[in-house]
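Novice:
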Amino acid sequence: MEPIRILTPDQMYRIDQAARKILEQTGMIIDSEEATTYLKKAGCRVDSGSNRVYFPAKVTAEAVERMRKGYEDFNRPERMAVRYSHVRFQKTSYQVHPDFTASSGGFCCFIHDLEGNRRPATRDDVLCSINMINHLDEIAYTGLPVADQMIPAKIRPVVMAATLVMYTHKLGGIETFDKRDVYWIGEIAKIVAGSQENFLRRPILVGYAETRSPLCFDRNMVEIFMEYIKLGLPQTVDTMPAGGTTAPMTAAGILALGAAETLAAVVLGFAVREDGMVAMDINPSFTDMTSGLFKYGGADRNHLLMARVQLLSEYYGCPTGVHGGKTNSCFYNEHAGAEKVSSMLMPVLAGAVGIGTLGHIENALTFSPTQLVIDHELVRFVRRSLRSTIEVNNETLAVDLIDHVGPGGTFLEEDHTAINFRKELFISPMFSTLPWDQAHDRQSEVDTEPVARELARTLWKKPESPVLNPEQVRAIEQVVQAAIAERA
Numbered sequence: 108m109e110p111i112r113i114l115t116p117d118q119m120y121r122i123d124q125a126a127r128k129i130l131e132q133t134g135m136i137i138d139s140e141e142a143t144t145y146l147k148k149a150g151c152r153v154d155s156g157s158n159r160v161y162f163p164a165k166v167t168a169e170a171v172e173r174m175r176k177g178y179e180d181f182n183r184p185e186r187m188a189v190r191y192s193h194v195r196f197q198k199t200s201y202q203v204h205p206d207f208t209a210s211s212g213g214f215c216c217f218i219h220d221l222e223g224n225r226r227p228a229t230r231d232d233v234l235c236s237i238n239m240i241n242h243l244d245e246i247a248y249t250g251l252p253v254a255d256q257m258i259p260a261k262i263r264p265v266v267m268a269a270t271l272v273m274y275t276h277k278l279g280g281i282e283t284f285d286k287r288d289v290y291w292i293g294e295i296a297k298i299v300a301g302s303q304e305n306f307l308r309r310p311i312l313v314g315y316a317e318t319r320s321p322l323c324f325d326r327n328m329v330e331i332f333m334e335y336i337k338l339g340l341p342q343t344v345d346t347m348p349a350g351g352t353t354a355p356m357t358a359a360g361i362l363a364l365g366a367a368e369t370l371a372a373v374v375l376g377f378a379v380r381e382d383g384m385v386a387m388d389i390n391p392s393f394t395d396m397t398s399g400l401f402k403y404g405g406a407d408r409n410h411l412l413m414a415r416v417q418l419l420s421e422y423y424g425c426p427t428g429v430h431g432g433k434t435n436s437c438f439y440n441e442h443a444g445a446e447k448v449s450s451m452l453m454p455v456l457a458g459a460v461g462i463g464t465l466g467h468i469e470n471a472l473t474f475s476p477t478q479l480v481i482d483h484e485l486v487r488f489v490r491r492s493l494r495s496t497i498e499v500n501n502e503t504l505a506v507d508l509i510d511h512v513g514p515g516g517t518f519l520e521e522d523h524t525a526i527n528f529r530k531e532l533f534i535s536p537m538f539s540t541l542p543w544d545q546a547h548d549r550q551s552e553v554d555t556e557p558v559a560r561e562l563a564r565t566l567w568k569k570p571e572s573p574v575l576n577p578e579q580v581r582a583i584e585q586v587v588q589a590a591i592a593e594r595a
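Counting in our numbering, the sequence shown runs from 108 upward without gaps.
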């Protein structure tokens, strides 16, 4: 299926050229002497007093071409889960992907629990959320939907990564707060993978870095990024320009700034390691002018997401997932539903290979088991909507059957109906088709929110046992204890 194209080739070219001009003319603060040393050797101009780096157009162009060429290397990992979905590191055609993946995660501090309380997340919440995801077939990857707030922040990423790998095989992207997290979580990943070679061949538990718009790459983020590159692991750098506060209040300006920020990271990645595996990422939005918040949902953002998918996938050649299934709403309501399903469907129609992270309300600050069940059903809804093949043959045209039933007849009792209705209909436990009286007499059984809450309640329990063998569990526990001792 051909994707919906928001941008013309000329518009994508102009956005790219604007991004390169921003890097050359305005530059970017890279708060790391090690990073600026690499960049200076690569041909960038560095103001050592401010760590402001200016990227000559030639240097940026060479990095972009090297990145594109890397996608033709079919010996490197085909894809890697990231915290919001997955990205691909091999070339693929720009098209609609009905097999798009959905992911959960987010490392949320808060949970809106099944009793209706919003509160800090606990270890029990972590375990129950992982178990729940194990039983939701549409979710391919998961990071930590919530993080145990009782664990000190400086050790939280390592402890949470260990918990994740012990209880699920659906390993998604994780969080890293410090470059030492990269080492310890890498040790955990190698235990799960079985060896260093397996880990590099099929990377798991890989964290990420983010820039701070506009045009700042903070020290801990730069160090995390470089640590992964040095280890030979794939990296994308997320950038979250918000129109009106940290970016211009125009879609083109947001995309140009975001492209500049992530292009700077591509240049740095190749400066650190010539055979680095890097790709671009932009998470663009607008600032809500009432609250001042970054908008994670909305009709205005959908347009940006679609343009972002096209720009990265078609122009730069980086097939990627997207931050979809999001909402600004703090309720399970029409507002949330509209934003969530549209931010899934529209980016996928624009060529996204995946969407995530699911289960969030309140701008991805709060995780909800109820919302996760609803979102899971919305993924099914979107996937069914994208079925592009209509089988046309003698059996499906059913001309003889139509002649048999004749004018004024019914097809209800025909074998053809019994054989085909499950193939054709979207049968959902949450979206009913009933007359008014029946629907209102059975509201708790058919209304989406109570049905989702009860389904979530049946899944909200701790995993029965680890998915790893006892030897792996013991080895991971030893890694965690060593990490805790180092941070003490």
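For glycine and all other residues, C-beta sits at the position ideal for the given N, C-alpha and C.
Relative to the C-alpha of V289, which candidate in V313, A300, I509 and F306 has its C-alpha closest?
Specialist: The sequence position of residue 289 within the sequence shown is 182, counting from 1. Comparing Cα positions, the closest option is V313.
Novice: By the three-class DSSP mapping on this structure, what secondary structure does M119 have?
Specialist: Sequence index remark: in the sequence shown, residue 119 carries index 12 (1-based). Reduced to three states, the DSSP call for M119 is helix.
Novice: Tell me F474's beta-bridge partners as DSSP assigns them.
Specialist: Numbered from 1 along the sequence shown, position 367 holds the residue referred to as residue 474. BP columns for F474 point to I218 and H467.
Novice: As an exercise, report each continuous alpha helix (DSSP H) stretch of at least 4 residues that is fully enclosed by the region 364 to 420, in chain order.
Specialist: 406 to 417, all fully within the region 364 to 420.
Novice: What residue from N409, S492 and S139 has the CA that sits closest to N327's CA?
Specialist: Indexing the sequence shown from 1 puts residue 327 at position 220. Here the closest residue by C-alpha is S139.
Novice: Distance, Cα to Cα, P252 vs T208?
Specialist: The residue labelled residue 252 in the question sits at position 145 within the sequence shown. The residue labelled residue 208 in the question sits at position 101 within the sequence shown. The straight-line gap from Cα to Cα measures roughly 17 Å.
Novice: Tell me the residue span of the alpha helix (DSSP H) that contains R308.
Specialist: To locate residue 308, count along the sequence shown from 1; it is residue 201. It spans Q303 to R308 - the alpha helix (DSSP H) in which R308 sits, taken as one unbroken run.
Novice: For N501, count neighbouring C-beta atoms within 10 Å of its own C-beta (all shown protein chains included) and say buried if the count is 16 or more, exposed if not.
Specialist: Position 394 of the sequence shown, counted from the start, is the residue given in the question as residue 501. Looking at its Cβ environment, which holds fewer than 16 other Cβ atoms inside 10 Å, N501 is exposed.
Novice: Could you tell me whether the Cβ atoms of G360 and A354 are closer together than 8 Å?
Specialist: Taking the sequence shown and counting its residues from 1, the one referred to as residue 360 is at position 253. Taking the sequence shown and counting its residues from 1, the one referred to as residue 354 is at position 247. For G360 and A354, yes; Cβs fall inside 8 Å.
Novice: Can the beta-carbon of A188 be found closer than 8 Å to that of G301?
Specialist: As a first step, residue 188 is located in the sequence shown; it is residue number 81 there, counting from the start. As a first step, residue 301 is located in the sequence shown; it is residue number 194 there, counting from the start. Cβ atoms of A188 and G301: not closer than 8 Å.
Novice: Taking C-beta to C-beta, are A254 and V272 nearer than 8 Å?
Specialist: Translated into the one-based positions of the sequence shown, residue 254 becomes position 147. Translated into the one-based positions of the sequence shown, residue 272 becomes position 165. For A254 and V272, no; Cβs fall outside 8 Å.
Novice: Please report how far the alpha carbon of V486 lies from the alpha carbon of C151, in whole angstroms.
Specialist: Within the sequence shown, numbered from 1, the residue matching residue 486 stands at position 379. Within the sequence shown, numbered from 1, the residue matching residue 151 stands at position 44. Distance between the alpha carbons of V486 and C151 is about 44 Å.
Novice: Name the one or two DSSP bridge partners that E172 has.
Specialist: Residue mapping note: residue 172 aligns to position 65 of the sequence shown, counting from 1. Bridge partners of E172: none, in fact.
Novice: Looking at the structure shown, is D154 part of a helix, part of a strand, or coil, going by DSSP?
Specialist: As a working note, residue 154 is residue 47 in the sequence shown. In this structure, D154 counts as strand in the three-state DSSP scheme.
Novice: Give me the DSSP bridge partner(s) of I137.
Specialist: Stepping through the sequence shown from its first residue, residue 137 is reached at position 30. DSSP output for I137 lists F324 as bridge partner(s).
Novice: Is the number of C-beta pairs between the region 127 to 147 and the region 374 to 388 that are closer than 8 Å three or more?
Specialist: Verdict: yes, contact present.
Novice: Please report the residue range of the alpha helix (DSSP H) in which R226 lies.
Specialist: Against the sequence shown, residue 226 aligns to sequence position 119. Run containing R226: none in the alpha helix (DSSP H); it sits in the beta strand (DSSP E), R225 to P227.
Novice: Let me know the secondary structure DSSP gives I331 once reduced to three states.
Specialist: As a first step, residue 331 must be located in the sequence shown, where it is residue number 224. If DSSP states are grouped into helix, strand and coil, I331 belongs with the helices.
Novice: Using 8 Å as the threshold, is the region 397 to 415 in touch with the region 196 to 212, meaning 3 or more CB pairs across them?
Specialist: They do not touch, by the three-pair rule.
Novice: Give the straight-line distance between the Cα atoms of H511 and M413, rounded to the nearest whole angstrom.
Specialist: Residue numbering aside, residue 511 sits at position 404 when the sequence shown is read from its first letter. Residue numbering aside, residue 413 sits at position 306 when the sequence shown is read from its first letter. Between H511 and M413, the C-alpha separation is close to 48 Å.
Novice: Would you mind stating whether T555 and L370 have Cβ atoms separated by less than 8 Å?
Specialist: The count along the sequence shown starts at 1 and reaches residue 555 at position 448. The count along the sequence shown starts at 1 and reaches residue 370 at position 263. No, the Cβ-Cβ distance between T555 and L370 is not below 8 Å.
Novice: Tell me the rounded alpha-carbon separation between S192 and T249.
Specialist: The count along the sequence shown starts at 1 and reaches residue 192 at position 85. The count along the sequence shown starts at 1 and reaches residue 249 at position 142. Each residue's Cα considered, the two are about 9 Å apart.
Novice: Flag this pair as yes or no: are the beta carbons of G458 and Y201 separated by less than 8 Å?
Specialist: The count along the sequence shown starts at 1 and reaches residue 458 at position 351. The count along the sequence shown starts at 1 and reaches residue 201 at position 94. Going by C-beta atoms, G458 is nearer than 8 Å to Y201.
Novice: Is the Cβ-Cβ distance between T477 and A559 less than 8 Å?
Specialist: Within the sequence shown, the letter at position 370 stands for residue 477. Within the sequence shown, the letter at position 452 stands for residue 559. Yes, they are a contact pair.
Novice: Out of curiosity, what's the CA-to-CA distance linking L493 and F518?
Specialist: Locating residue 493 in the sequence shown gives position 386, counting from the first residue. Locating residue 518 in the sequence shown gives position 411, counting from the first residue. One C-alpha to the other measures close to 27 Å.
Novice: Expressed to the nearest angstrom, what Euclidean distance is found between the alpha-carbon atoms of K337 and P227?
Specialist: On the sequence shown, position 230 is the one that residue 337 refers to. On the sequence shown, position 120 is the one that residue 227 refers to. If you take the alpha carbons of K337 and P227, they lie about 36 Å apart.
Novice: May I ask you to report which of helix, strand or coil DSSP gives L362?
Specialist: In the sequence shown, the residue the question calls residue 362 occupies position 255. If DSSP states are grouped into helix, strand and coil, L362 belongs with the helices.
Novice: How far does the alpha helix (DSSP H) with Y274 in it reach, from first residue to last?
Specialist: Against the sequence shown, residue 274 aligns to sequence position 167. It spans R263 to Y274 - the alpha helix (DSSP H) in which Y274 sits, taken as one unbroken run.
Novice: Tell me whether D522 sits in a helix, a strand or coil according to DSSP, three-state version.
Specialist: Here residue 522 refers to the residue found at position 415 of the sequence shown. Helix.
Novice: In terms of residues, what are the limits of the beta strand (DSSP E) holding M187?
Specialist: One-based indexing of the sequence shown puts residue 187 at position 80. Per DSSP, M187 belongs to the beta strand (DSSP E) from R186 to V189.
Novice: At the level of alpha carbons, what is the spacing between G424 and D507?
Specialist: Residue mapping note: residue 424 aligns to position 317 of the sequence shown, counting from 1. Residue mapping note: residue 507 aligns to position 400 of the sequence shown, counting from 1. The alpha-carbon atoms of G424 and D507 are separated by roughly 49 Å.
Novice: Looking at the secondary structure, which residues open and close the beta strand (DSSP E) in which V194 lies?
Specialist: For this step, residue 194 is matched to residue 87 along the sequence shown. Residues S192 to R195.
Novice: When you compare each of Q132, R173 and V194 to A164 by their alpha carbons, which one comes out closest?
Specialist: Within the sequence shown, residue 164 is the residue found at index 57, counting from 1. Comparing Cα-Cα distances from A164 to each of Q132, R173 and V194, the minimum goes to Q132.
Novice: Checking 8 Å against the spacing of the C-beta atoms, do L221 and R564 come in under that value?
Specialist: Here residue 221 corresponds to residue number 114 of the sequence shown, with the count starting at 1. Here residue 564 corresponds to residue number 457 of the sequence shown, with the count starting at 1. Cβ atoms of L221 and R564: closer than 8 Å.
Novice: From what residue to what residue does the alpha helix (DSSP H) around I246 run?
Specialist: If you number the sequence shown from 1, residue 246 lands on position 139. Per DSSP, I246 belongs to no alpha helix (DSSP H); it is in the beta strand (DSSP E), I246 to T249.
Novice: What are the boundary residues of the alpha helix (DSSP H) that includes Y290?
Specialist: Here residue 290 corresponds to residue number 183 of the sequence shown, with the count starting at 1. K286 to A300 is the span of the alpha helix (DSSP H), which, as asked, contains Y290.
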